[in-house]
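Numbering (the working numbering), first residue to last: 42 to 609. Contents: one structure, followed by commentary.
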Amino acid sequence: MAEHDKQRHGLARGLTNYGDADFSLYLRRSFAKSMGYSAEMLARPIVGIAQSASGFNNCHRHFPELVAAVKRGVIAAGGLPLDFPTVSLGEVFLHPTSMMFRNLMAMDVEEMIRAQPMDAVVLIGACDKTVPALLMGATSADLPAVVLIGGPMLPMAHHGERLGACTDCRRFWAKYRAGEISARDIADIEGNLAATTGSCAVMGTASTMASIAEALGMTLPGTAAIPAVHADRLRAAEASGRRAVELVGTALRPSRIVTARSIENALRVLLAIGGSTNGLIHLTAIAGRAGVAVSLKRLNELSDATPILVDLKPTGQHYMSDLFAAGGIGAVLRELKPLLHLDCMTVTGETLGERLAGAAPWVDRDVVRPLAEPYQKQGGLAALSGSLAPNGAIIKRSAADPRLFEREGRAVVFASLDDLAARIDAPDLDVTADDFLVLQNAGPKSGYAMPEAGYLPIPAKLARAGVKDMVRISDARMSGTAYGTIVLHVSPEAAIGGPLALVRSGDRIKLSVARRRLDLLVDDAELVKRRAAHRPFAATPARGYARLYMQSVLQAELGCDFDFLRKA
Ligand code: FES
42 MAEHDKQRHG LARGLTNYGD ADFSLYLRRS FAKSMGYSAE MLARPIVGIA
92 QSASGFNNCH RHFPELVAAV KRGVIAAGGL PLDFPTVSLG EVFLHPTSMM
142 FRNLMAMDVE EMIRAQPMDA VVLIGACDKT VPALLMGATS ADLPAVVLIG
192 GPMLPMAHHG ERLGACTDCR RFWAKYRAGE ISARDIADIE GNLAATTGSC
242 AVMGTASTMA SIAEALGMTL PGTAAIPAVH ADRLRAAEAS GRRAVELVGT
292 ALRPSRIVTA RSIENALRVL LAIGGSTNGL IHLTAIAGRA GVAVSLKRLN
342 ELSDATPILV DLKPTGQHYM SDLFAAGGIG AVLRELKPLL HLDCMTVTGE
392 TLGERLAGAA PWVDRDVVRP LAEPYQKQGG LAALSGSLAP NGAIIKRSAA
442 DPRLFEREGR AVVFASLDDL AARIDAPDLD VTADDFLVLQ NAGPKSGYAM
492 PEAGYLPIPA KLARAGVKDM VRISDARMSG TAYGTIVLHV SPEAAIGGPL
542 ALVRSGDRIK LSVARRRLDL LVDDAELVKR RAAHRPFAAT PARGYARLYM
592 QSVLQAELGC DFDFLRKA
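Next comes the structure, spelled out in structure tokens:
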């Protein structure tokens with residue numbers, strides 16, 4: 042945007058170029074009046090409302106009501122609210138994976154904030170990729186912004202136990218695969234896993250990103266965990282609208298809030314809540330938009346010194362609505378206070394330290410443990426490196442079986458997702474419970490766009506024999522709601538010739554979580570031979586977004602952002 046446009050406000054910002062600025066403004070006012078606005082309303086500061094309701098996004102079903110509440114707040118504070126649609130990413134409705142389109146949504150958000158005349162923006166998101174895309178776009182656009190989280194679903198009682206998407210989705214599917222429950226049971230469960238609007242009810246990626254948005258200071262305090270259907274969610278929307286008007290014309294833009302120090306705070310929270318592995322990729326991408334690097338070495342240092350305080354599925358017992366009732370992310374931040382950078386600015390205009398000052402409200406200690414008596418002594422994530430993952434890999438140790446942490450095993454390799462689907466349940470598959478399942482070619486440039494396929498199913502014959510967990514290694518991602526001894530995000534990925542591409546069934550692999558190592562025990566001469574024979578796995582598509590994605594997507598340790606979108 043030209044400098045003179047930044048000086049303007051409201052409808053006069055970023056005029057359409059007809060070669061006559063006064064004509065452009067007159068024309069814009071005229072067309073805006075066709076929507077029935079009075080001259081008085083059109084003279085107000087404008088708050089854009091980025092909203093992503095869609096018939097293909099169950100998690101955002103309630104967004105029209107949230108938009109109405111944001112508008113109420115904006116009007117009450119003297120602004121003019123104008124909502125606009127963005128790309129919507131409904132996690133389970135997208136092919137090949139929502140991850141492929143996160144950057145598209147981030148570009149849409151950034152460009153529409155820039156291109157349209159608004160003085161501040163409220164960004165509404167809930168489902169997995171939407172909150173990271175909003176934060177990435179808003180950080181790059183750098184207009185005063187408030188993130189409004191859509192909120193989690195409520196769990197539903199079913200046959201005497203509470204069910205909530207999506208840890209329970211996987212738990213019951215595993216039981217069905219093992220023959221422990223019938224087709225009728227699983228059909229019954231299917232109708233009760235996602236019973237309300239909102240994002241998945243556990244500490245999956247959506248809840249992780251909501252928590253990270255609050256930890257960064259980009260939401261109003263105490264709003265990340267409010268259930269989607271709770272009336273407080275509407276009050277949070279109204280307050281977010283009000284706050285956006287107050288931000289108009291101030292220097293309190295994302296660039297003052299999303300900083301190296303607030304990103305480190307967010308990493309602490311990611312670890313303390315036992316957050317999703319995807320959260321690390323997204324936070325790395327958001328940090329990249331602010332010119333901040335997230336190093337896996339630093340992640341390990343923080344993880345070793347940040348206990349898990351929150352007892353939520355998939356690592357614990359409770360649901361997001363329990364976290365809300367227990368005190369929310371504020372309760373977690375209060376416990377972490379000695380470890381946090383308290384001088385970080387938040388969207389309220391207070392520092393984090395000011396937010397956390399004063400008497401602590403009541404906290405349910407079944408859900409949020411004190412720092413001195415944590416749920417687990419170390420953070421949930423560990424970064425690995427070694428000859429199989431020179432640029433890194435991730436394991437969610439809090440959701441894994443520690444008995445499998447120090448192991449050497451025989452590789453059973455699947456060359457692609459199609460190969461996995463074709464052979465994993467074959468009765469003649471040569472596999473034992475001590476083997477390491479290896480999936481190749483499921484990374485960012487594989488053509489599958491790094492799906493959540495890292496939770497490789499236990500081969501049916503082993504599942505029926507009672508095997509619950511095995512070491513599984515891939516360049517894929519894993520749903521934040523999954524669990525198991527699963528090594529993910531191996532980089533460089535197989536599709537571009539990373540060492541993962543060179544593994545063959547029968548090779549030995551050594552995993553040591555204690556030493557943060559992942560090594561392929563094959564001699565160099567053999568690897569040189571295999572490398573010489575390697576061919577790229579996926580061709581670059583001829584056109585469209587798929588081509589842009591394939592040409593520009595970065596590896597996991599850089600957040601899978603596009604190379605041209607990171608801040609220099
Ligand atoms: Fe939207 Fe899980 S499907 S958060």
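Ideal placement from N, C-alpha and C gives every residue a C-beta, glycine not left out.
Is the beta carbon of A265 within less than 8 Å of some heavy atom of ligand 1? The answer is no for A265.
Other residues of its chain near D602: CB distance less than 6 Å, five sequence neighbours each side excluded: Close CB contacts of D602 within its chain, under the 6 Å cut and outside five residues either way in sequence, are with A326, G329 and L595 (chain order).
Hey, how far is the Cα of G484 from the Cα of G205? In a straight line, the C-alpha of G484 is about 28 Å away from that of G205.
6 Å CB neighbourhood of G457 in its chain, flanking five on each side removed: Just to set this straight, residue 457 is Ser in the shown sequence, not Gly. Hits under 6 Å: N482.
Cα separation between K74 and V111? Straight through space, the alpha carbons of V111 and K74 are spaced by roughly 22 Å.
By alpha-carbon positions, which one of R513, V554 and R571 ends up nearest to P540? Closest by C-alpha distance to P540, out of R513, V554 and R571, is R571.
Between the CA atoms of A182 and G192 - distance to the nearest angstrom: About 24 Å.
Span separating the alpha-carbon of S139 from that of H103: Between S139 and H103, the alpha-carbon positions lie close to 20 Å from each other.
Should E231 be counted as a contact of ligand 1 given a C-beta to heavy atom distance under 8 Å? Look at E231: its beta carbon is at least 8 Å from all of the heavy atoms in ligand 1.
Rounded distance between the beta-carbons of L184 and I294, thought under 8 Å: Sequence inspection shows Arg at residue 294; the Ile mentioned does not correspond to that position. In this structure, R294 and L184 form a Cβ contact; the two beta carbons are roughly 6 Å apart against a cut-off of 8 Å.
Rounded to the nearest angstrom, what separates F578 and A535 at their Cα positions? If you draw a straight line from the Cα of F578 to the Cα of A535, it comes to about 8 Å.
Is A133 near ligand 1, in the sense that its beta carbon is under 8 Å from a heavy atom of that ligand? Here residue 133 turns out to be Val, not Ala, going by the sequence shown. Yes.
Reducing DSSP to helix, strand and coil, say where S223 ends up. Of the three classes helix, strand and coil, the one that applies to S223 here is coil, per DSSP.
Selection from L381, D169, P158 and L175 that minimises the alpha carbon distance to D149: When L381, D169, P158 and L175 are compared, the shortest CA-CA separation from D149 is found for L175.
Rounded to whole angstroms, what is the Cα-Cα separation between M159 and T264? The alpha-carbon atoms of M159 and T264 are separated by roughly 24 Å.
For V594, list the residues DSSP reports as bridge partners. DSSP output for V594 lists F603 as bridge partner(s).
Would DSSP call F15 helix, strand or coil? No statement about residue 15 is possible, as the shown extent of the chain runs from 42 to 609 and does not include it.
Spatial neighbours of V454 in its chain, beta-carbon cut-off 7 Å, leaving aside the 5 residues before and after: Short of 7 Å from the beta carbon of V454, and not among the five residues preceding or following it, lie these beta carbons of its own chain, in chain order: V479, Q481, V544, R545 and S546.
Using the C-alpha atoms, what's the distance from I499 back to E395? In a straight line, the C-alpha of E395 is about 49 Å away from that of I499.
Start-to-end residues for the alpha helix (DSSP H) that takes in P173: P173 -> alpha helix (DSSP H) spans T171 to A182.
Would you kindly work out how many angstroms separate the C-alpha atoms of R375 and R85, rounded to a whole number? Separation of R375 and R85 (C-alpha to C-alpha, rounded to the nearest whole angstrom) is 38 Å.
Please classify N98: does DSSP put it in a helix, a strand, or coil? N98 sits in coil when the DSSP states are folded into three classes, being neither helix nor strand.
Using three-state DSSP, classify H323 as helix, strand or coil. Three-state DSSP puts H323 in a helix.
Quick one: grab the DSSP three-state call for N432. Correct three-state label for N432: strand.
Assign N623 to buried or exposed, taking buried as 16 or more other Cβ atoms, counted over all protein chains shown, within 10 Å of its Cβ. The structure shown does not extend to residue 623, since the chain is modelled only from 42 to 609, so the question has no answer here.
Tell me, please, which residues DSSP counts as bridged to H199. E202, per the DSSP bridge assignment.
Within 10 Å of its beta-carbon, does Y586 have 16 or more other beta-carbons around it, so buried, or fewer, so exposed? Burial state of Y586 is exposed, judged by a 10 Å Cβ sphere holding fewer than 16 other Cβ atoms.
Would the beta-carbon of L601 be found less than 8 Å away from any heavy atom of ligand 1? The identity of residue 601 in the sequence shown is Cys, whereas the question assumes Leu. Checking every heavy atom of ligand 1 against the Cβ of C601, none is found closer than 8 Å.
Counting C-beta neighbours from all protein chains within 10 Å, is the total for G119 16 or more, i.e. buried, or is it exposed? In this structure G119 is exposed. Its beta-carbon is surrounded by fewer than 16 other beta-carbon atoms within 10 angstroms.
Cα separation between V311 and D169? Checking the sequence shown, residue 311 turns out to be Leu, not Val. D169 has its alpha-carbon roughly 15 Å from the corresponding atom of L311.
Buried or exposed: which applies to S487, given that a residue is buried once 16 or more other Cβ atoms fall within 10 Å of its Cβ? With 16 or more other Cβ atoms within 10 Å, it is buried.
Starting from the C-beta of A463, find all residues in its chain whose C-beta is less than 6 Å away, skip the five residues before and the five after it, and write them out in chain order. Short of 6 Å from the beta carbon of A463, and not among the five residues preceding or following it, lies no beta carbon of its own chain.
With C-beta atoms as the reference, is I537 less than 9 Å away from L497? No.
Using only CA atoms, which one of P137, T526, H136 and S129 lies nearest to A147? Closest by alpha carbon: S129.
For ligand 1, I want to know if G390 counts as a neighbour, meaning its beta carbon is within less than 8 Å of at least one of the ligand's heavy atoms. Using a cutoff of 8 Å, the CB of G390 does not count as near ligand 1, since none of the ligand's heavy atoms is closer than that.
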